[in-house]
Each structure stands twice: as structure tokens, then as C-alpha cells.
Amino acid sequence: MFFWITKSLLNEKWSVLTAACGIALALLLALYLDAVFRGEAGQIVTFIERTPADVWVLQDGVSDLHMARSRLSENAIYAVRKVEGVAGVTRFLYRDSLVGAQGREKLAYVVGIPSDPKARTAWEQATGWKAPKHGRVILPARLAEAEGLKTGDKVRVGNAKFILSDVSKGTYSMANPLVFLDEADARHLFDMDDGANVLLVFALPGTSPSDLAVRINTEVDKVSALTSQILRRNDFNLAMQMGGALIGVLEILGLIVAGLIVVFTAFAFSSSHQREFAMAKALGAPARQITGAALTQTATISLLGVTIASIATAPLQMALHHWVPGVAVSFSPTTILVLGLATLLLAILAAIFPLRYVLRVDPMLVFQG
0 MFFWITKSLL NEKWSVLTAA CGIALALLLA LYLDAVFRGE AGQIVTFIER
50 TPADVWVLQD GVSDLHMARS RLSENAIYAV RKVEGVAGVT RFLYRDSLVG
100 AQGREKLAYV VGIPSDPKAR TAWEQATGWK APKHGRVILP ARLAEAEGLK
150 TGDKVRVGNA KFILSDVSKG TYSMANPLVF LDEADARHLF DMDDGANVLL
200 VFALPGTSPS DLAVRINTEV DKVSALTSQI LRRNDFNLAM QMGGALIGVL
250 EILGLIVAGL IVVFTAFAFS SSHQREFAMA KALGAPARQI TGAALTQTAT
300 ISLLGVTIAS IATAPLQMAL HHWVPGVAVS FSPTTILVLG LATLLLAILA
350 AIFPLRYVLR VDPMLVFQG
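Each step along the sequence shown adds one to the number in numbering that gives the first Met the number 0, with nothing skipped, and position 122 is 121.
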């Protein structure tokens, strides 16, 4: 029976391939949206990943950088410096602002790079990004390209204008592009004479970042201290949650479409081979053998569709990076595996409907016509 089912699939390879491609397209629809949100989330946490720090200190109640505002007083900064286990503290300005010509503004996050030469040099070496001088601004390369800006052009940030001195890579996302200014310029822009938005805390050798974060939260009032790993996870999860409902709906739709294709293909296959099934029953083939043959056919088509979708993600990601550079895309192997397994399970469940038709085929069809 299994030899026969394999031969039948090979004889109808184009129908099988068409059905598998339909399943693959349905899966790619859901995978693409997940990849877009995952890619954007990855860009959003780039600043956290590259910026050197053992512990990040924010305002009390703030647990992420994305779409949140933090403000720390001089008293809080002084108190953090005095906590046991702290080797050093670097203050950063980090706030949202509108960037671009009036009427074409885009929301971005402005990072005020510390004016201290030692801190600037350490930050540049760790991140690979340049720190702008006074009166200068550094934009993400994609943002500058989209706005048609070149080095030396004036750029409006908030209510002030700066000269574009350079562009940076890996700092652009649709929801969170990073703009770099000198700390003095950022303080003037945000009207901040003292304090900071973010503190980068470095631990003494032998001091655990997680223990240091707990110590800061315990000893300093009105601050929220988090390790780099926890802050990165919080921002990434927040970005993914923003599209969670939409991703879930499309994943369900993709699975439903894949299930419908499986049902239609199974019915078409069963109808075109009903005489063969009738002959098998007339020869005494048990129901479990016929059931196994039908399920094998369904599982094979579904597995082929999942395989095509999985293989297609790599070239699709490369093509999207080339043709749509403004959108970060990152396909997740975990999501592909989960959706693939869900598709196979749904295919087996969906095969129950055409299977009932197969099991009810009348053996007398062998003697007709």
C-alpha cells in the first residue's frame, strides 16, 4: 500500500508540488510578519547590546528604554556612585525628539554622548559608532539616505539645527532610529542643566552585575537598576508585544489556509483514486492500512510545503535586505519550527474529513465499468 501511495504521488508530482507551494506561501505570510517585528526588535536593542555597561540605572518604575522616559537627579547619581561595588558611572542623555524638516518630521531617539574625552573614546571603541562634536549630528545611514541628506547639510532636531557630520550603521529601525549629539547640545535641546536620563554603571572586579543591581535598588531611592541582559530582554519583548496580536492572527490564518489546501488536495486525490481504494478493500486490505496510506499522502504534502517555506526564508531575507533596506527582517528558526509542527498536526487533523470518504468507498466499484 505504501509503495502504491508513493508511486501515486510521483505520478501526480505537479499537483503535489502545487499544493505544497500553496502551503508554503500560507506559512511565509505569517513568518514574514513575525520576521519584520523580530528584525525591528533586534534593531531597537542594538544600542543596549553595543553600549558597555554592567548595570543600567533608570528612573523608578521604568524598566525599558523603548517608548519610555527616564529622568535622574544629581542626588540619585551621587548616591549610585557611593554604592559598594561600583567602579564607575557614566551619565547619558536619552530622549525622543522629532528629526527632519518641518512637515516631514520623524520620531527618533536622541543620544547625548558624554563630553568627557575618556568616556567618549571608550564608548566609540566599544560600539564602533562615532561621537559627534559640538554643533554636529550623526544620523542613521538609512534615515539620511531617505531624506536625501549628505555630510555638511543642516538637520533639524527638535527646535534646533545641526550639521550632519557622519552617518551610522545598525542604528535604524522604523520605530526607534538613533540620533547622536554631543552631550552639551543635547542638554540645551532638552533644557536639562543637570541630571541624566540613563546611567551606565560598571562593577568592580569580582562584583556580580545582578548583585550590584539589587544593591542599587535597595540603597538608592527612586531608581530602577537592571543588568544589561534584563534591559535588553525587556525592550525586545516590548517590541515584539506591539505586534503580537497581529502576528498571532496571521499565523492562525496561515494555518487555516494550509489546512484548507490539505483538505482540498486529499479530497481530490481520494476522488481520483477511488477505484484503487475500492480494489484494496476488495482484496482485504485492513482499514488501518488504508488509513495509514491516506495519512502518509497528507503528511508528505504538508512536510514538503513546510520544507519549501523553510528553505525560502534565507533567500527571501537576503532579497528583502537588498530591495527594502529600510525594513529590518529576521526570520526565526524557532518560529519556523513551531509553525511547521503546527502545520503538520493540522494537516493530520484535516485529513480526517477526506479519510472518512476513503473508508466508505464501495469495493463493488471494482466491478463497475
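Glycine included, each C-beta is placed from N, C-alpha and C at the ideal position. Just so we're clear, the structure is a prediction, and the values are computed from it rather than from any experiment.
With distances taken Cα to Cα, identify the nearest neighbour of residue i among the options.
i, options, result
"residue 221", "208, 56, 338", "56"
"residue 53", "80, 226, 301, 191", "226"
"residue 343", "255, 317, 33", "255"
"residue 219", "315, 232, 83", "83"
"residue 198", "188, 13, 61, 236", "61"
"residue 97", "331, 154, 119", "154"
"residue 117", "95, 158, 88", "88"
"residue 248", "16, 59, 32", "32"
"residue 166", "104, 149, 173, 156", "149"
"residue 173", "141, 159, 94, 115", "141"
"residue 146", "202, 196, 99, 64", "99"
"residue 13", "303, 190, 313", "303"
"residue 85", "311, 228, 200", "200"
"residue 311", "294, 326, 332, 323", "332"
"residue 215", "63, 80, 65", "80"
"residue 171", "334, 42, 313", "42"
Which residues bound the alpha helix (DSSP H) around residue i?
i, result
"residue 41", "12 to 43"
"residue 211", "208 to 218"
"residue 77", "73 to 80"
"residue 119", "116 to 126"
"residue 203", "Premise fails: residue 203 is in no alpha helix (DSSP H) and is neither H nor E."
"residue 142", "140 to 146"
Tell me which residues share the same chain as residue i and place their Cβ nearer than 7 Å to its Cβ, disregarding the 5 neighbours each side in the sequence.
i, result
"residue 185", "92, 109, 111"
"residue 193", "73"
"residue 251", "none"
"residue 212", "54, 224, 225, 226"
"residue 152", "163"
"residue 207", "none"
"residue 157", "96, 97, 188"
Roughly how far, in whole angstroms, is the beta-carbon of residue i from the beta-carbon of residue j, given that I think they are within contact range, below 8 Å?
i, j, result
"residue 121", "residue 51", "7 Å"
"residue 138", "residue 163", "6 Å"
"residue 205", "residue 45", "With a Cβ gap of about 30 Å, residue 205 and residue 45 do not count as contacting."
"residue 253", "residue 25", "5 Å"
"residue 40", "residue 338", "Between residue 338 and residue 40 the Cβ distance is about 18 Å, and since that is not below 8 Å, they are no contact."
"residue 123", "residue 129", "6 Å"
"residue 230", "residue 47", "6 Å"
"residue 340", "residue 328", "With 8 Å as the limit, residue 340 and residue 328 do not qualify as a contact, their Cβ atoms being about 23 Å apart."
"residue 119", "residue 94", "So it is not a contact: roughly 19 Å between Cβ atoms."
Need the endpoints of the beta strand (DSSP E) that residue i sits in, please.
i, result
"residue 188", "From DSSP, residue 188 is part of no beta strand (DSSP E) but of the alpha helix (DSSP H) over 182 to 189."
"residue 89", "85 to 98"
"residue 160", "159 to 167"
"residue 226", "222 to 226"
"residue 153", "153 to 156"
"residue 107", "105 to 112"
"residue 326", "Where residue 326 is concerned, there is no enclosing beta strand (DSSP E), given that its DSSP letter is neither H nor E."
"residue 57", "54 to 58"
For residue i, which residues in the same chain have their Cβ closer than 6 Å to its Cβ, ignoring the five residues on either side in sequence?
i, result
"residue 78", "219"
"residue 27", "308"
"residue 160", "153"
"residue 37", "329, 331"
"residue 237", "63, 65"
Can you give me the Cβ contacts of residue i inside the same chain, cut-off strictly under 8 Å, excluding the 5 residues immediately before and after it?
i, result
"residue 101", "155"
- Item | Stretch pair the region 170 to 179 + the region 67 to 86: three plus CB contacts closer than 8 Å | no
- For the 8 Å Cβ check, are there 3 or more pairs between the region 19 to 27 and the region 299 to 312? yes
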